[in-house]
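Numbering (the numbering used here), first residue to last: 2 to 696.
The beta carbon of each residue, even a glycine, is placed where N, CA and C say it ideally should be.
As the structure is a prediction and not an experimental result, all values here were calculated from the model.
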Amino acid sequence: MVNPLKFRFKMKNIENKEALFFTMLILILFLFFFIQNYALSDESKIKEIRGFPQSATTVNDNVNYFNLVNNTEKLNEVPNGEYREKSEINIERISKNKSENSGGTSKNSSGISIPEIKIVVDKKEIYHYQIQNVYIYDYGKLIVSNFHMKVYHRDSLAPSLGMILDIPFLKIKNKPVLRALYLPSWNADDGLYRIKLFYGGTELKTPSILSFIVKRRKPKEIKDGLSVVDLEMNKNVNERIIRGISGKIEGPEGILEWASFLNADALWILSGETTSFATRKPLKGRKYWDSGPIDNLKILEKYAEKYNIKIGAYIISFFVPGRNGVPDRYKSGLGYNSEKDYLYRSRHISLGSEKRINDLIDLSKQFQNDPYVSYIGFDFIRTGRADGYELVDEFVDEMNIKLDQGWDSRDETEKIKWLARKIEVNRDPIIIEKWRWWRAHKVALIIKKIIKEAKITKPVWVYTLGWEHGKEHGQDPVMFFDAGVDIDAVMLYEANHNQYKKMMAQWQEYISSKQGNIIIGNCVDYKLLDSDTLTPPQELYRRNVIGANQLFKDGPAKGIFFHDIYRLLWGRKGNYKSWQYALSFVSSIFNMRQSLGTTDILTDIIIDKNIKNSDQLFGYIYLKNQCEHSLDLCISSFPYGTVNFRLDNSDKINRSKNVKLDLFDIKRIAFSTDKRDAFLQVQITNRCSYFFPLH
Numbered sequence: 002m003v004n005p006l007k008f009r010f011k012m013k014n015i016e017n018k019e020a021l022f023f024t025m026l027i028l029i030l031f032l033f034f035f036i037q038n039y040a041l042s043d044e045s046k047i048k049e050i051r052g053f054p055q056s057a058t059t060v061n062d063n064v065n066y067f068n069l070v071n072n073t074e075k076l077n078e079v080p081n082g083e084y085r086e087k088s089e090i091n092i093e094r095i096s097k098n099k100s101e102n103s104g105g106t107s108k109n110s111s112g113i114s115i116p117e118i119k120i121v122v123d124k125k126e127i128y129h130y131q132i133q134n135v136y137i138y139d140y141g142k143l144i145v146s147n148f149h150m151k152v153y154h155r156d157s158l159a160p161s162l163g164m165i166l167d168i169p170f171l172k173i174k175n176k177p178v179l180r181a182l183y184l185p186s187w188n189a190d191d192g193l194y195r196i197k198l199f200y201g202g203t204e205l206k207t208p209s210i211l212s213f214i215v216k217r218r219k220p221k222e223i224k225d226g227l228s229v230v231d232l233e234m235n236k237n238v239n240e241r242i243i244r245g246i247s248g249k250i251e252g253p254e255g256i257l258e259w260a261s262f263l264n265a266d267a268l269w270i271l272s273g274e275t276t277s278f279a280t281r282k283p284l285k286g287r288k289y290w291d292s293g294p295i296d297n298l299k300i301l302e303k304y305a306e307k308y309n310i311k312i313g314a315y316i317i318s319f320f321v322p323g324r325n326g327v328p329d330r331y332k333s334g335l336g337y338n339s340e341k342d343y344l345y346r347s348r349h350i351s352l353g354s355e356k357r358i359n360d361l362i363d364l365s366k367q368f369q370n371d372p373y374v375s376y377i378g379f380d381f382i383r384t385g386r387a388d389g390y391e392l393v394d395e396f397v398d399e400m401n402i403k404l405d406q407g408w409d410s411r412d413e414t415e416k417i418k419w420l421a422r423k424i425e426v427n428r429d430p431i432i433i434e435k436w437r438w439w440r441a442h443k444v445a446l447i448i449k450k451i452i453k454e455a456k457i458t459k460p461v462w463v464y465t466l467g468w469e470h471g472k473e474h475g476q477d478p479v480m481f482f483d484a485g486v487d488i489d490a491v492m493l494y495e496a497n498h499n500q501y502k503k504m505m506a507q508w509q510e511y512i513s514s515k516q517g518n519i520i521i522g523n524c525v526d527y528k529l530l531d532s533d534t535l536t537p538p539q540e541l542y543r544r545n546v547i548g549a550n551q552l553f554k555d556g557p558a559k560g561i562f563f564h565d566i567y568r569l570l571w572g573r574k575g576n577y578k579s580w581q582y583a584l585s586f587v588s589s590i591f592n593m594r595q596s597l598g599t600t601d602i603l604t605d606i607i608i609d610k611n612i613k614n615s616d617q618l619f620g621y622i623y624l625k626n627q628c629e630h631s632l633d634l635c636i637s638s639f640p641y642g643t644v645n646f647r648l649d650n651s652d653k654i655n656r657s658k659n660v661k662l663d664l665f666d667i668k669r670i671a672f673s674t675d676k677r678d679a680f681l682q683v684q685i686t687n688r689c690s691y692f693f694p695l696h
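So, in structure tokens, the structure goes:
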């Protein structure tokens with residue numbers, strides 16, 4: 002017979018074992034859930050969060066672990082479930098390898114759990130066009146708005162773009178992650194930058210220094226004193242009657258003769274353009290390109306070797322001339338009319354048009370594979386001043402713009418208008434500055450992509466606007482150099498006399514001659530080449546000389562370009578001849594090269610102001626040989642016969658004079674003329690000619 006007491010005891014043991022089993026099972030499930038959600042490897046967590054580098058280096062390189070621990074006063078809970086700061090906050094390192102790690106939380110003296118938080122600095126090094134993101138995650142119920150960071154360079158505060166000292170953290174949508182971003186200011190100093198994290202007004206002492214480096218890319222070397230002439234012509238060159246300066250050559254080759262006379266090292270040819278003119282002729286097989294520019298490259302490049310001139314091919318990237326606007330193939334940029342509050346399609350292709358970017362890559366590959374092409378360039382690689390607003394979503398997301406709660410419920414049009422109004426109506430200085438920076442950043446990324454995917458190894462140049470180094474239109478030479486550009490051709494034209502002075506001051510205050518290869522340019526336009534005392538050709542010379550020698554505070558520009566041969570032959574010349582503008586350009590090239598010490602001779606022209614004669618100009622030209630052998634020179638004038646010459650100790654007057662200059666020899670030649678716009682010409686036998694204006 003079974004003892005009932007023993008039976009009850011056995012049943013109780015069985016019940017206890019079952020309870021223990023179920024208890025253990027619940028604990029195992031809880032631990033499994035905890036490991037999956039709170040103890041993932043750091044690399045897995047990094048890859049989970051949008052914007053983190055997918056090919057992360059070792060976690061310890063860019064992740065810091067710490068707990069917020071209150072040593073004195075308590076953190077009091079508030080009704081909304083967040084915590085209010087009451088005292089100083091310290092940080093302690095939490096090592097994931099230690100067995101005593103509590104699984105991501107710690108407790109202060111009051112028993113309130115404070116979550117382990119982690120901070121990730123996105124990149125160890127950045128270029129000037131890159132955004133530095135800093136992330137915080139596992140921050141629990143701490144108040145988001147209490148987090149901010151500051152950045153230091155050389156022990157001084159280095160504000161983010163827009164002079165933002167306290168850089169806020171904002172929550173990433175639908176992610177338990179905070180993000181702050183650092184935008185290097187325009188042409189920020191390179192070197193080491195340190196990040197300090199703050200909660201409220203208290204600095205959080207991170208276990209290791211949070212830092213990153215701002216660096217620069219070194220462009221390819223180019224010749225000092227580079228002389229470039231470009232041709233911006235959409236129609237086929239065979240459709241125009243083109244005569245060279247000698248008058249003996251007619252046809253396309255005349256363009257090369259003009260370029261040679263202009264002493265050009267390179268001829269940069271418009272070789273890719275999309276227009277919407279009714280008369281446009283599309284390229285067969287690729288109708289989105291006009292045929293004229295691509296045909297012109299093929300026609301002209303075959304003459305390059307004869308004239309010892311290198312060829313460059315460039316594309317008008319995002320601008321579409323013509324009344325019909327951007328073709329359907331591409332996404333159009335959107336502008337905004339602030340008076341009537343409506344959006345309109347601009348004549349610029351959107352920077353977000355992937356088809357256009359791919360077409361630019363495709364044509365750039367063609368130039369890279371062309372053995373006659375030595376340079377590859379891009380013009381209008383920008384937005385307009387007041388368009389591009391269709392990129393609003395990308396802009397506010399990348400730039401961490403704080404938005405109101407109803408943002409997601411707005412339709413696309415309202416979002417675009419919101420950005421346009423901020424810039425065009427409210428003139429919000431922070432938004433404007435970020436918008437300018439972000440567009441330049443966007444263009445730099447496009448340039449980088451084109452160079453990479455087209456596999457370009459030839460020197461790359463871009464045209465940038467002269468006003469405020471292009472930043473009003475989404476350009477920045479510093480960002481572009483970092484992205485892969487080798488030459489920045491600064492367009493110091495479409496400006497009158499006073500505007501030119503302002504542009505020069507803006508460049509002097511912005512960039513150094515050692516930070517990239519910058520060449521300056523001007524064009525034929527008698528209305529804008531204004532002066533109280535000089536003719537338009539003389540003003541062209543003056544601006545080129547000032548631009549080349551004074552664009553920077555610490556040295557000369559790398560070269561000068563002439564824009565363009567089409568304008569030289571058929572542009573707004575006023576009552577002046579093509580050769581007068583051409584000689585002004587050639588003279589400025591010699592002036593630049595002489596200041597660089599790269600010419601065979603040194604010259605100086607002295608006007609004798611003691612002779613009072615309103616009809617005649619008297620003076621002396623000094624010539625010095627600075628090469629390693631003697632030189633045979635012929636001194637004359639252009640136009641020929643407009644200047645009379647006489648050697649010292651001679652009464653004989655000639656319209657030209659042959660002079661032999663031995664090594665380090667110096668000669669003085671007197672001259673007189675009644676043509677104050679004449680040019681002196683010094684021709685080195687069998688070599689080259691130099692020209693000097695008498696004004």
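{"Asked": "Rounded separation between I377 and S365 - CA only", "Found": "7 angstroms"}
{"Asked": "Cβ-Cβ separation, G556 to I521 (assumed contact under 8 angstroms), whole Å", "Found": "Contact flag wrong, Cβ pair sits at about 13 angstroms."}
{"Asked": "For I165: DSSP bridge partner residues", "Found": "S161"}
{"Asked": "Residues that K515 bridges to, as DSSP identifies them", "Found": "Paired residues: none, contrary to the question."}
{"Asked": "Distance CB(Y464)-CB(A490) smaller than 8 angstroms", "Found": "yes"}
{"Asked": "Same chain, Cβ closer than 6 angstroms to N659, five either side skipped, listed in chain order", "Found": "C635"}
{"Asked": "Closest by C-alpha distance to I312, when choosing among T599, V229, K142, D533", "Found": "V229"}
{"Asked": "For G245 and N626, the rounded distance between their alpha carbons", "Found": "32 angstroms"}
{"Asked": "Between the CA atoms of A558 and R544 - distance to the nearest angstrom", "Found": "13 angstroms"}
{"Asked": "Proximity below 8 angstroms, CB of M150 to CB of K197", "Found": "yes"}
{"Asked": "Distance CB(N239)-CB(P220) smaller than 8 angstroms", "Found": "no"}
{"Asked": "Euclidean distance between Cα positions of L695 and S585", "Found": "11 angstroms"}
{"Asked": "F278 burial status per 10 Å Cβ neighbour count (16 or more: buried)", "Found": "exposed"}
{"Asked": "Reduced DSSP secondary structure (H/G/I, E/B, other) of H498", "Found": "helix"}
{"Asked": "Own chain, CB closer than 8 angstroms to L162, minus 5 neighbours either side, in chain order", "Found": "L184, P185, S186, W187, E434, K435, W438"}
{"Asked": "Strand pairing of P694, partner residues [DSSP]", "Found": "F680"}
{"Asked": "Of the listed residues R677, C524, S579, nearest to L535 (C-alpha basis)", "Found": "R677"}
{"Asked": "Opposing strand residues paired with F619 [DSSP bridges]", "Found": "S673"}
{"Asked": "Test item: CB-CB of E233 and L271 under 8 angstroms", "Found": "yes"}
{"Asked": "Residue closest to A484, alpha-carbon to alpha-carbon, out of F199, K216, R241", "Found": "K216"}
{"Asked": "E675 to L618 span [Cα, whole Å]", "Found": "Glu is not the amino acid found at residue 675; the sequence shown has Asp there. For D675 and L618, the distance between alpha carbons rounds to 6 angstroms."}
{"Asked": "Status (buried if at least 16 other CB within 10 Å, exposed otherwise) for M480", "Found": "buried"}
{"Asked": "DSSP-derived helix/strand/coil call for R594", "Found": "helix"}
{"Asked": "Contact under 8 angstroms by Cβ, Y621 with S588", "Found": "no"}
{"Asked": "Residues bridged to G326 [DSSP beta-bridge criterion]", "Found": "G326 is not bridged to any residue."}
{"Asked": "First and last residue of the uninterrupted beta strand (DSSP E) at L198", "Found": "192 to 200"}
{"Asked": "Status (buried if at least 16 other CB within 10 Å, exposed otherwise) for S1", "Found": "Nothing in the structure corresponds to residue 1, since the chain is present only between 2 and 696."}
{"Asked": "Burial state of Q581 (16 or more Cβ within 10 Å)", "Found": "buried"}
{"Asked": "The region 291 to 304 / the region 340 to 358 touching (three or more Cβ pairs under 8 angstroms)", "Found": "no"}
{"Asked": "Limits of the unbroken beta strand (DSSP E) element including F1", "Found": "Absent from the model: residue 1. The displayed extent of the chain is 2 to 696, so no value can be given."}
{"Asked": "Residue of D190, S690, K142 minimising C-alpha distance to Q516", "Found": "D190"}
{"Asked": "Nearest-angstrom Cα separation, counted from V486 out to G560", "Found": "16 angstroms"}
{"Asked": "Same chain, Cβ closer than 6 angstroms to P322, five either side skipped, listed in chain order", "Found": "T276"}
{"Asked": "Spatially closest choice to N237 from L298, F170, Q595, K443, by CA coordinates", "Found": "L298"}
{"Asked": "Beta-carbon proximity check, Y577 vs P538, cutoff 8 angstroms", "Found": "yes"}
{"Asked": "Buried/exposed call for Y343, threshold 16 Cβ in 10 Å", "Found": "exposed"}
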